[in-house]
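*Asks:* With the sequence shown counted from 1, adding 15 to any position gets you the numbering used here.
Glycine included, every Cβ here is placed at the ideal spot set by N, Cα and C.
Please read these numbers as outputs of a predicted model, since none were measured by experiment.
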Amino acid sequence: MRKLRSFLIFVAVAAAMAEACTSLLASGKVTGGSPVLWKHRDTGTEHNFVERVEATDSTQAFVALFNGGDSLLSEAWTGMNEAGFAIMNTASYNLAPDTARLKDREGVVMRIALERCVSVADFDRLLRTLAKPLGVQANFGVMDRSGGLAYFETDDYGFTRFDVDADTAGYIIRTNFSVTGNDTDGMGYIRFDNATHLVGERLTAGEKITPSFCVDTLSRSYYHSLFGRDILTDTSVHIFLDQDFIPRRSTSASIAISYGRSGQPVMLVALGYPAVAQTMTATVDFVPEALRPTAPGFRSPACDAAVEAKRLIFPITRGSGPRYLDMDRVRQALTINR
């Protein structure tokens, strides 16, 4: 029984720490202009920052999201480069499993892509030419300045490409399952339905999908598709289980990338738990100091502040208490940060 109890605790912790991102690629058909790439990041790494990596003779300059403490800038988790190429990923849990020898290399692959790629076609070629096994199990979302926009459902030895222009809806959403994977595993099905509902509701109202809608609305929504209601607007709810909303206790960032009038990529960033995070703008040439790793431990001051403020959103610390949200404090925070 003791061994079983330890195993169950391990499984619960592993599930809580699993990457559980929500993402979107939207074409000009639904944005009214520039395509949009959005990643809502959930991870066991609570702290992250945004930093610029300089070009070399053989690589391009880029700006990306990195894990707090990654002083070598070794793994990029969402980013854009000076050529206008942008990339993000969500972990997939129903593709062929990673090899035991090599795994969890999604951030490494994305850094390589930001250094080398100009277009979606370049990324396609990169995946074909990188040494195998890749050590990944992911849905990579990529975008380029010429309008290329595609997901690549990728495992150790291959991928399936989904071009957004080929989808009549004009957008594609991915969470933590792949449509080419088996239909019994995977994660994020309820979050997928949440995002699908919210995007559909906005488009039905005649509004466009914008970077600010992604970061300030999708990432700060408490709509729950299983209940069919928005917990945030139900003021009779004071404490609620943190389960299957787009924002989760493990959320560490929300980033949306689009193109400005000059054609240069622009990144809208909220570091930390979205309800208490400040939204800022970065470009390839400029990253606000608050987003950069200028705090002790190679961390971002903005993310540090949001992590501290999140403690008020999850005030119960004993037992299973951290699984519960204080919705009154969420509402109070959103009146300030929206």
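Label Y172 either buried or exposed according to how many other C-beta atoms from any shown protein chain fall within 10 Å of its C-beta, with 16 as the threshold for buried.
*Replies:* With fewer than 16 Cβ atoms within 10 Å of its Cβ, Y172 is classed as exposed.
*Asks:* Would you kindly report the start and end of the unbroken beta strand (DSSP E) that includes R276?
*Replies:* No beta strand (DSSP E) contains R276, which DSSP labels as neither H nor E.
*Asks:* Roughly how many whole angstroms lie between the Cα atoms of A76 and D249?
*Replies:* Between A76 and D249, the C-alpha separation is close to 46 Å.
*Asks:* For the alpha helix (DSSP H) that contains D319, what are its first and last residues?
*Replies:* Element bounds for D319: 316-328.
*Asks:* What number of angstroms, rounded off, separates the C-alpha of G336 from the C-alpha of K325?
*Replies:* About 14 Å.
*Asks:* Is it buried or exposed for F313, if we count other Cβ within 10 angstroms and need 16 for buried?
*Replies:* Flag for F313 reads buried.
*Asks:* Helix, strand or coil for D182 per DSSP?
*Replies:* Three-state result, D182: coil.
*Asks:* First and last residue of the beta strand (DSSP E) that includes G156?
*Replies:* Counting along the chain, the beta strand (DSSP E) containing G156 begins and ends at 153-158.
*Asks:* Can you give, in chain order, each stretch of the alpha helix (DSSP H) that sits fully within the region 74-143 and has at least 4 residues?
*Replies:* The qualifying runs are 121-131.
*Asks:* Could you tell me the distance, in whole angstroms, from the CA atom of A321 to the CA atom of K54?
*Replies:* About 18 Å.
*Asks:* Buried or exposed: where does Q258 fall if 16 or more other Cβ atoms within 10 Å of its Cβ makes it buried?
*Replies:* It is exposed - the Cβ of Q258 has fewer than 16 other Cβ atoms within 10 Å.
*Asks:* What span of residues does the beta strand (DSSP E) with R217 cover, start to end?
*Replies:* Premise fails: R217 lies in the alpha helix (DSSP H), 204-219, not in any beta strand (DSSP E).
*Asks:* In the structure shown, what three-state DSSP assignment does L340 receive?
*Replies:* In the structure shown, L340 sits in a strand (DSSP, three-state: E or B).
*Asks:* Counting C-beta neighbours from all protein chains within 10 Å, is the total for R56 16 or more, i.e. buried, or is it exposed?
*Replies:* It counts as buried.
*Asks:* Give the straight-line distance between the Cα atoms of A210 and Y186, rounded to the nearest whole angstrom.
*Replies:* Taking the straight line from one Cα to the other gives about 11 Å.
*Asks:* To the nearest angstrom, report how far apart T195 and L117 are at their CA atoms.
*Replies:* Each residue's alpha carbon lies about 22 Å from the other.
*Asks:* Classify A181: buried if its beta carbon has 16 or more other beta carbons within 10 angstroms, exposed otherwise.
*Replies:* It is exposed - the Cβ of A181 has fewer than 16 other Cβ atoms within 10 Å.
*Asks:* Among the residues of its own chain, which have a CB less than 8 Å from the CB of Q347, if the five just before and after it don't count?
*Replies:* Hits under 8 Å: none found.
*Asks:* Using 7 Å as the threshold, is the C-beta distance between A290 and R235 below it?
*Replies:* Yes. Within cutoff.
*Asks:* Check T350 in the structure and name its three-state DSSP category.
*Replies:* It is helical.
*Asks:* Hey, I224 and A41 are a contact pair by Cβ (cut 8 Å); roughly how many whole angstroms apart?
*Replies:* That belief holds up - the Cβ atoms of I224 and A41 are roughly 4 Å apart, short of 8 Å.
*Asks:* For L142, which residues of its own chain have a beta-carbon under 6 Å away from its beta-carbon, when the five flanking residues on both sides are left out?
*Replies:* Cβ neighbours of L142 beyond the five flanking positions: F174.
*Asks:* Where does T296 fall in DSSP's three states?
*Replies:* Correct three-state label for T296: strand.
*Asks:* Helix, strand or coil for G162? Go by DSSP, reduced to three states.
*Replies:* Looking at G162 - three-state DSSP - the assignment turns out to be coil, as it is neither helix nor strand.
*Asks:* Should I270 go down as buried or exposed, given a rule of 16 or more other Cβ atoms within 10 Å for buried?
*Replies:* Looking at its Cβ environment, which holds 16 or more other Cβ atoms inside 10 Å, I270 is buried.
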